[in-house]
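So the structure is just underneath, and the comments pick up after that.
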Amino acid sequence: MAWEVFSFIGTVAFAISGAFVALEEDYDIFGVYILGMVTAFGGGALRNVVIGVPVSVLWDQNFLFGVATLSILLIFYFSKSVISHWNRWGTYFDAIGLAAFAIQGAMLAVKMDLSIAAVMVAAVLTGAGGGVIRDVLAGRKPLIFKDDIYAVWAAAAGFIVAIGFYKNDLALYALLVATATLRILSFLFHWKLPHGKVTNEQ
Amino acid sequence: MAWEVFSFIGTVAFAISGAFVALEEDYDIFGVYILGMVTAFGGGALRNVVIGVPVSVLWDQNFLFGVATLSILLIFYFSKSVISHWNRWGTYFDAIGLAAFAIQGAMLAVKMDLSIAAVMVAAVLTGAGGGVIRDVLAGRKPLIFKDDIYAVWAAAAGFIVAIGFYKNDLALYALLVATATLRILSFLFHWKLPHGKVTNEQ
Amino acid sequence: MAWEVFSFIGTVAFAISGAFVALEEDYDIFGVYILGMVTAFGGGALRNVVIGVPVSVLWDQNFLFGVATLSILLIFYFSKSVISHWNRWGTYFDAIGLAAFAIQGAMLAVKMDLSIAAVMVAAVLTGAGGGVIRDVLAGRKPLIFKDDIYAVWAAAAGFIVAIGFYKNDLALYALLVATATLRILSFLFHWKLPHGKVTNEQ
Chain A
1 MAWEVFSFIG
11 TVAFAISGAF
21 VALEEDYDIF
31 GVYILGMVTA
41 FGGGALRNVV
51 IGVPVSVLWD
61 QNFLFGVATL
71 SILLIFYFSK
81 SVISHWNRWG
91 TYFDAIGLAA
101 FAIQGAMLAV
111 KMDLSIAAVM
121 VAAVLTGAGG
131 GVIRDVLAGR
141 KPLIFKDDIY
151 AVWAAAAGFI
161 VAIGFYKNDL
171 ALYALLVATA
181 TLRILSFLFH
191 WKLPHGKVTN
201 EQ
Chain B
1 MAWEVFSFIG
11 TVAFAISGAF
21 VALEEDYDIF
31 GVYILGMVTA
41 FGGGALRNVV
51 IGVPVSVLWD
61 QNFLFGVATL
71 SILLIFYFSK
81 SVISHWNRWG
91 TYFDAIGLAA
101 FAIQGAMLAV
111 KMDLSIAAVM
121 VAAVLTGAGG
131 GVIRDVLAGR
141 KPLIFKDDIY
151 AVWAAAAGFI
161 VAIGFYKNDL
171 ALYALLVATA
181 TLRILSFLFH
191 WKLPHGKVTN
201 EQ
Chain C
1 MAWEVFSFIG
11 TVAFAISGAF
21 VALEEDYDIF
31 GVYILGMVTA
41 FGGGALRNVV
51 IGVPVSVLWD
61 QNFLFGVATL
71 SILLIFYFSK
81 SVISHWNRWG
91 TYFDAIGLAA
101 FAIQGAMLAV
111 KMDLSIAAVM
121 VAAVLTGAGG
131 GVIRDVLAGR
141 KPLIFKDDIY
151 AVWAAAAGFI
161 VAIGFYKNDL
171 ALYALLVATA
181 TLRILSFLFH
191 WKLPHGKVTN
201 EQ
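Chain order of the listed sequences is A, B and C.
Under the UniProt record's numbering, the final residue of the first sequence carries the number 202; numbering is consecutive throughout.
Under the UniProt record's numbering, the final residue of the second sequence carries the number 202; numbering is consecutive throughout.
Under the UniProt record's numbering, the final residue of the third sequence carries the number 202; numbering is consecutive throughout.
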């Protein structure tokens, strides 16, 4: 059951975040639809390729396709009234998608008996992959490379799932809330990791 | 037979469109070659991964590799005389590739007994995928996200193939002409789909 | 043995080149890590998908993951003292990675009994793929499309491996040195291939 819940939340959140970016870039309705779908399903498809899940699995998700389509259309039609503060709301939805998909990807990798390192990679790919594809297609700098802490939270969630949390649904839900909250706080308060020191004298 | 015809037309058209973009960006001959090949074969490779065709199939296309190579070299060597109106001609070739590959991708998906929705996705991925890869590699905004109607025609062609057209070669050729024509008209007369209304007050 | 040596050299060189680009773009430590890892393993993963190697093979490389991680961390912590001439050093490491991975990818394709053309494609994908992914993610024009001769050397190395060099380890090492040297000389002395002639009169 938890698996379905995380898939549902991640799909809705990323579909909306992709639609937001597309609306900001003033795409037409089909462009909004495509960017929303690619954001919602791109991270999972990328993870499936990289950890060796048959991609045909992608096609057993008719319910999620419908959910994503509906989310995108709602955002499109209510864009005027709903989105007046994209920057903040877009980041919130992205944070929820990041957390939900990181945990979902990690659960899948644990089920496949992968190593802890591979579970963390699956968490980062699934959680951050859709957003990276979204940003590259829209010609933006990927959120994952921006200053505020981002993918580390996905890796941490993956680690926690790998060391045993995946057996307890309630613990997983708490992890979802914690991961999304930490990402949002990172955005709001500009929590940063150390940077290197490059002096470019050429 | 129709399958081979669509593969041939799509490959030539996209190889040329990729070479055009590379020439516009002033790449050297190998850069022109690579962008042409990636445009010609990238959409099909992407579709194969997404709908679960073994990618090794890619390598049974020696004839098409030769055809694409020849098309690119011809464009390269005659670039001065041939291309003085890139913007228009590039869009025409892209439109032909879009139509041919959308139908070819849809035919493959129908052969694999996929659902109508999956056939439409295969049509859009195959028809628009190569162009998206081309535009991302060249640092351009993908045509698919520009204002004039584009991928909708691929989706529509996929739908029509899915509901029965695939049994009749003549009908498929007519569909090719109609799809490419509708895309070109969209470009020439700036046919647009509705846009969302975002007010960015931050 | 040669296979392991080429994998090792290519992984270290590309991990460092990815870290260099990330440092130049002022990413934080996790961004530096991700771009380094994607550069080191992206080309091989892309090749595996395209020539049909099961991607799960990616996960049997724990030693290389550790090596890449260590390389990136070293570069990160010593970035101030080490990198004052990024542009030159980044290009050198990229050249070594290009040469090592082109040969490694070609060896794999030869083992799989692919045609000479496919071996050359595998060499270019493996050698240049990681760098293209690195540059696209960082929003840069891919090195492969810049003016100085680049991927041709990977294709040439692939050709030489395909016609028999792969049987002799010493010959392969000599090919590595020759390929990297030719790429570096291309960069230093701006060796160029012919360009097309496009006049854009619209």
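Backbone N, C-alpha and C fix where the C-beta goes; we use that ideal spot for every residue, glycine too.
Keep in mind the model is a prediction, meaning the values are calculated, not measured.
Legend entry - Cβ pair ALA45 (chain C), VAL32 (chain C) closer than 9 angstroms: Their beta carbons are not under 9 angstroms apart, which means ALA45 (chain C) does not touch VAL32 (chain C) by this criterion.
Legend entry - Under the three-state DSSP convention, the category ASP26 (chain B) falls into: coil
Inset, instruction - My understanding is that GLY66 (chain C) touches ALA40 (chain C), with C-beta atoms under 8 angstroms, so please give their C-beta distance in whole angstroms. - result: About 12 angstroms separates the two Cβ atoms, so there is no contact after all.
Legend entry - Min CB distance PHE101 (chain C) to chain B below 9 angstroms: no
Inset, instruction - Only counting runs of 4 or more residues, tell me where the alpha helix (DSSP H) segments fall wholly within the UniProt domain "Glycine transporter" (92 to 163) of chain B, in order along the chain. - result: 116 to 137 and 151 to 162
Inset, instruction - Check the Cβ-Cβ distances between PHE78 (chain C) and every residue of chain B, and say whether any is below 9 angstroms. - result: By this cut-off, PHE78 (chain C) is not an interface position.
Inset, instruction - Indicate whether MET107 (chain C) and LEU172 (chain C) have their beta-carbon atoms separated by less than 9 angstroms. - result: It is a contact, given that the beta carbons lie within the stated cut-off.
Inset, instruction - Check whether the Cβ atoms of GLY43 (chain B) and PHE101 (chain B) sit closer than 9 angstroms, and answer yes or no. - result: yes
Inset, instruction - Determine the contact status of LEU143 (chain B) and GLY127 (chain B), defining contact as a CB-CB distance below 9 angstroms. - result: no
Inset, instruction - Between the Cα of MET120 (chain B) and those of B:VAL55, B:PRO194 and B:ALA151, spot the shortest distance and give me the residue it belongs to. - result: Its Cα nearest to that of MET120 (chain B), the residue B:ALA151 stands out among B:VAL55, B:PRO194 and B:ALA151.
Inset, instruction - Please go through the same chain and pick out, in chain order, the residues whose beta-carbon is closer than 6 angstroms to the beta-carbon of LEU71 (chain B), but skip the five residues on each side of it. - result: Note on identity: in this sequence residue 71 (chain B) is Ser, with Leu being the wrong assignment. Hits under 6 angstroms: VAL12, ALA15 and ILE16.
Legend entry - Below-9 angstroms beta-carbon distance, GLU25 (chain A) vs any chain B residue: yes
Legend entry - Member of B:ALA109, B:TRP3 and B:GLU25 whose CA lies at the smallest distance from the CA of ALA162 (chain B): B:ALA109
Inset, instruction - Starting from the beta carbon of ILE34 (chain A), find every residue of chain B whose beta carbon is closer than 9 angstroms, and list them in chain order. - result: Within 9 angstroms Cβ-Cβ: VAL124, ALA128, ILE144, PHE145 and ALA151.
Inset, instruction - Rounded to whole angstroms, what's the CA-CA distance from ASN48 (chain B) to PHE189 (chain A)? Just pull it up for me. - result: 43 angstroms
Inset, instruction - Determine, using beta carbons only, whether PHE165 (chain B) and ALA95 (chain B) come nearer to each other than 9 angstroms. - result: no
Inset, instruction - Look at the Cβ atom of ILE9 (chain B), then the Cβ atom of LEU125 (chain B), and state whether they are nearer than 9 angstroms. - result: no
Legend entry - Chain-ordered chain B contacts of VAL49 (chain C) [CB-CB under 7 angstroms]: VAL49 and VAL55
Inset, instruction - Just the C-alpha distance for MET1 (chain A) and GLN61 (chain A), rounded to the nearest angstrom, thanks. - result: The C-alpha of GLN61 (chain A) is placed about 15 angstroms away from the C-alpha of MET1 (chain A).
Legend entry - Selection from B:ALA68, B:ASN168 and B:ASP26 that minimises the alpha carbon distance to GLY36 (chain B): B:ALA68
Inset, instruction - Could you tell me whether any Cβ in chain A is nearer than 9 angstroms to the Cβ of LEU114 (chain B)? - result: Output row for LEU114 (chain B): interface = yes.
Legend entry - Contact list for HIS195 (chain A) against chain C, beta-carbon separation under 8 angstroms: Those are ASP26, TYR27, ASP28 and ILE29, listed as they occur along chain C.
Inset, instruction - Taking 9 angstroms as the cut-off, decide whether the C-beta atoms of ALA154 (chain A) and ALA99 (chain A) are in contact. - result: In this structure, ALA99 (chain A) lies closer than 9 angstroms to ALA154 (chain A) by Cβ.
Inset, instruction - Consider the Cβ of GLY52 (chain B): report whether some Cβ of chain A lies at a distance smaller than 9 angstroms. - result: yes
Inset, instruction - Just the chain F side, please: which residues come within less than 8 angstroms of VAL38 (chain C) by C-beta, in chain order? - result: Note that chain F does not occur in the displayed structure, where the protein chains are A, B and C.
Legend entry - Beta-carbon proximity of ARG183 (chain A) to ILE149 (chain A), cut-off 9 angstroms: yes
Inset, instruction - Mind checking which residues open and close the alpha helix (DSSP H) that includes LEU172 (chain B)? - result: 169 to 188
Legend entry - Segments of 4+ residues assigned as alpha helix (DSSP H) that fall wholly inside the UniProt domain "Glycine transporter" (5 to 79) of chain B: 29 to 51 and 62 to 77
Inset, instruction - Could you confirm whether any beta carbon from chain B is found closer than 9 angstroms to the beta carbon of LYS111 (chain C)? - result: With 9 angstroms as the cut-off, LYS111 (chain C) does not count as an interface residue toward chain B.
Legend entry - Cβ of LEU175 (chain C) within 9 angstroms of any chain B Cβ: no
Legend entry - Reference LYS167 (chain A); option with closest CA among A:ARG140, A:ILE103 and A:GLY90: Checking every option, the nearest Cα to that of LYS167 (chain A) belongs to A:ILE103.
Inset, instruction - Identify which residue in A:LEU185, A:PHE30 and A:LYS192 has its Cα closest to the Cα of LEU193 (chain B). - result: A:PHE30
Legend entry - Residues near VAL55 (chain C) in its chain [Cβ-Cβ closer than 6 angstroms; skip 5 each side]: Excluding its 5 nearest sequence neighbours in each direction, VAL55 (chain C) has C-beta neighbours in its own chain below 6 angstroms: ASN48, listed in chain order.
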